[in-house]
Every structure is written in C-alpha cells, then in structure tokens.
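To keep things clear, I will list the structure first and then write my remarks on it.
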Amino acid sequence: MGYQSFDYRIEEGVGVITFIRPNTLNSLTLQIYAELGQATREIAVDDAVKAVVITGQGNRGFCSGGDVNEIIGVLMGKGPREMLDFTRMTGALTKGIYSIRKPTIAALNGIASGAGAVIACACDIRIAVPTARFSFLFNRVGLTGADMGAVYLLQRIVGMGHASELLYTGDIVGAERAERIGLVNRIVPEDQLMPTTMELARKIAKGPPMGVRMTKEALEVQRSLNIDAALEWDAYAQAICMSSEDHREGYLAFLEKREPRFQGR
Numbered sequence: 001m002g003y004q005s006f007d008y009r010i011e012e013g014v015g016v017i018t019f020i021r022p023n024t025l026n027s028l029t030l031q032i033y034a035e036l037g038q039a040t041r042e043i044a045v046d047d048a049v050k051a052v053v054i055t056g057q058g059n060r061g062f063c064s065g066g067d068v069n070e071i072i073g074v075l076m077g078k079g080p081r082e083m084l085d086f087t088r089m090t091g092a093l094t095k096g097i098y099s100i101r102k103p104t105i106a107a108l109n110g111i112a113s114g115a116g117a118v119i120a121c122a123c124d125i126r127i128a129v130p131t132a133r134f135s136f137l138f139n140r141v142g143l144t145g146a147d148m149g150a151v152y153l154l155q156r157i158v159g160m161g162h163a164s165e166l167l168y169t170g171d172i173v174g175a176e177r178a179e180r181i182g183l184v185n186r187i188v189p190e191d192q193l194m195p196t197t198m199e200l201a202r203k204i205a206k207g208p209p210m211g212v213r214m215t216k217e218a219l220e221v222q223r224s225l226n227i228d229a230a231l232e233w234d235a236y237a238q239a240i241c242m243s244s245e246d247h248r249e250g251y252l253a254f255l256e257k258r259e260p261r262f263q264g265r
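The sequence shown: position 76 = 76 (this note's numbering), numbered continuously.
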C-alpha cells in the first residue's frame with residue numbers, strides 16, 4: 001500500500017500512519033481525506049496488520065484539522081450539495097477509523113484540533129506528550145459541534161458533562177486536563193511517545209487476533225445492551241474462541257511456560 005499524502009509502514013504487526021505536513025501542524029487536505037479513507041479500508045482486511053497507530057511528524061501538531069486554504073477556503077464558494085458531499089466524506093473517514101476491527105492508538109505529538117481531535121477520538125486509545133492539546137473548535141467558527149461524529153465519540157469517552165462543555169465552547173484542553181477527564185490514557189515525555197506507543201501496539205498485536213477482534217466488537221456493541229443480552233453475547237463469543245486453535249495454543253503455552261504463538265485461527 002503506497003500513499004502520497006502520509007507515510008505508512010508496517011512494523012511487527014503494527015500499521016503506522018504518520019501525517020507528514022508538520023509546517024501546517026499536519027492539517028488535512030482533500031487528498032489526505034481520500035487516501036486516509038482508502039487506507040482504513042485496506043488496513044481493515046490486511047491480515048498482516050494486528051494493530052494501528054496514527055501520529056504526526058514534528059513536535060507541535062498531531063493534526064490541526066482541515067487546511068484553511070485547501071479545504072475551508074475552497075468550500076466557501078460551493079453550494080449546499082457540494083457541502084453535503086464534503087461533510088459526508090469526512091464522516092466516512094471517522095467511520096473508517098472507528099470501524100477497523102483492530103485496536104487503534106493515537107500518538108498525540110502536539111495539538112489535535114477540529115477534525116484532528118475527532119480522528120484522535122475515533123481511536124481506541126490516546127497517548128499524549130505534555131504539550132499536547134485538544135480543541136473541538138467547530139462552534140468557534142460558526143459551525144455545529146456535531147461534526148464528523150464528535151458528539152457521538154466524545155460523550156462516550158468523557159461523559160455528557162465534559163463533552164457538552166468542550167463542544168459548546170471549543171476551548172483548548174491541555175494534556176493534564178485531558179488525562180484527568182479520560183480524554184487521553186496517559187502522558188509521556190516527548191522522547192518516549194513513539195517508543196511507549198509502539199510497545200503497547202506490539203503487545204496488543206501479539207495477542208490472539210480473534211479474541212482481540214471480538215473484544216473490540218464487544219466494547220462497541222455492549223454499550224446499548226442490557227446485562228442479560230451482554231452476558232448472552234459474551235457466552236456465544238467466548239464459546240467460539242474456546243473452540244479456536246489460538247485458545248489451544250494459549251493453553252499449551254501456559255503449561256509449557258512459554259510465549260504463545262497465535263495464528264488467528
């Protein structure tokens with residue numbers, strides 16, 4: 001898989017996407033939107049990828065959202081039909097990241113604002129440097145905070161109260177507060193961001209592919225289930241995994257005091 005607008009590599013089962021426009025705080029262009037959407041579809045069916053990391057080049061910006069000149073300026077001259085086509089495309093990107101049935105981690109090397117903040121929220125886990133910041137700035141420029149799934153994602157991560165405040169005001173949230181309200185999982189020194197993130201991603205990638213996929217699906221599906229339905233979901237899922245070769249390998253590895261070698265079967 002070759003892409004022009006961002007860097008992509010696979011390292012020990014981890015697919016790493018890196019935005020490569022540090023001079024614009026890794027802002028998004030229409031090409032990036034299109035290629036990133038394509039990447040999520042290809043990664044989803046690539047058995048070589050067991051986990052995904054998204055990050056940005058430089059030490060100032062993870063992703064500052066849509067490029068002011070290349071997207072926002074261009075859209076100013078468009079009509080409602082073109083506007084809707086664009087907003088649906090941006091939402092499709094969120095769905096592409098969110099729907100990958102593999103664990104995803106955002107390594108936040110700097111500011112994540114607008115669409116960049118939503119991309120981070122679409123990931124399962126967020127690890128940040130001390131200077132990282134979030135800004136859901138849509139209301140500040142006359143737009144609704146309901147953009148690219150921001151409302152859907154944010155209230156599930158930080159709760160209704162914090163989500164309401166952040167989306168109404170568009171205020172900048174520093175790393176410490178983000179960690180306190182659960183918006184990021186942990187804060188690490190700048191020089192430890194990628195080593196820490198990759199260590200976690202590799203650890204996840206070494207796990208049983210079927211079991212990890214079902215865990216991710218359960219985290220999503222069971223938000224809307226009652227306890228009886230959730231327990232029944234668990235029973236079916238676990239029975240399937242208990243019949244797998246990976247479970248047998250995990251059992252033998254435990255008995256033989258060695259690391260398991262999972263194959264996804």
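No residue lacks a Cβ here, since even glycine has one placed at the ideal position from N, Cα and C.
Close-in-space but distant-in-sequence residues of the same chain around isoleucine 97 (CB under 7 Å, 5 per side omitted): Thr40, Thr104, Ile119, Ala122, Cys123
Extent of the continuous alpha helix (DSSP H) to which valine 141 belongs: Run containing valine 141: none; DSSP gives neither H nor E here.
Segment limits, alpha helix (DSSP H) that includes cysteine 241: 227-242
Distance CB(glycine 170)-CB(leucine 137) smaller than 7 Å: yes
Opening and closing residue of the beta strand (DSSP E) in which valine 221 lies: Careful: valine 221 lies outside any beta strand (DSSP E), inside the alpha helix (DSSP H) at 209-221.
Local conformation of threonine 18 per DSSP, three classes: strand
Length of the line joining the Cα atoms of glutamine 4 and isoleucine 227: 46 Å
Aspartate 67 - DSSP class collapsed to helix/strand/coil: coil
Inter-residue spacing [alpha-carbon to alpha-carbon] between leucine 193 and phenylalanine 134: 17 Å
Boundaries of the alpha helix (DSSP H) in which threonine 55 is found, first to last residue: Segment 51-56 is the beta strand (DSSP E) holding threonine 55; no alpha helix (DSSP H) there.
Proximity to proline 22 [Cα-Cα], best of Phe6, Val16, Ala175: Phe6
Pairwise C-alpha distance: glycine 79 and arginine 186: 42 Å
Opening and closing residue of the alpha helix (DSSP H) in which threonine 104 lies: Here threonine 104 belongs to no alpha helix (DSSP H); instead the beta strand (DSSP E) covers 104-108.
Whole-angstrom distance between serine 243 and leucine 143, CA atom to CA atom: 50 Å
Contact under 7 Å by Cβ, threonine 29 with glutamate 70: yes
Buried or exposed by the 16-neighbour rule on C-beta atoms within 10 Å, applied to alanine 205: buried
Aspartate 191 (DSSP reduced to helix, strand or coil): helix
Rounded distance between the beta-carbons of glycine 15 and valine 49, thought under 8 Å: 4 Å
Boundaries of the alpha helix (DSSP H) in which tyrosine 168 is found, first to last residue: 160-169
Cβ-based neighbour list, glutamine 222, same chain, cut-off 7 Å, excluding 5 preceding and 5 following: Ala230, Trp233
Per-residue burial, tyrosine 33 [other beta carbons within 10 Å of its own, 16 or more giving buried]: buried
Euclidean distance between Cα positions of glutamate 190 and alanine 201: 17 Å
Asparagine 59 to alanine 237 span [Cα, whole Å]: 42 Å
Strand pairing of glutamate 176, partner residues [DSSP]: Partner(s): none; glutamate 176 has no beta bridge.
Rounded Cβ spacing between leucine 153 and alanine 132 (contact assumed at less than 8 Å): Going by Cβ atoms, the distance from leucine 153 to alanine 132 rounds to 17 Å, so no, they are not a contact pair.
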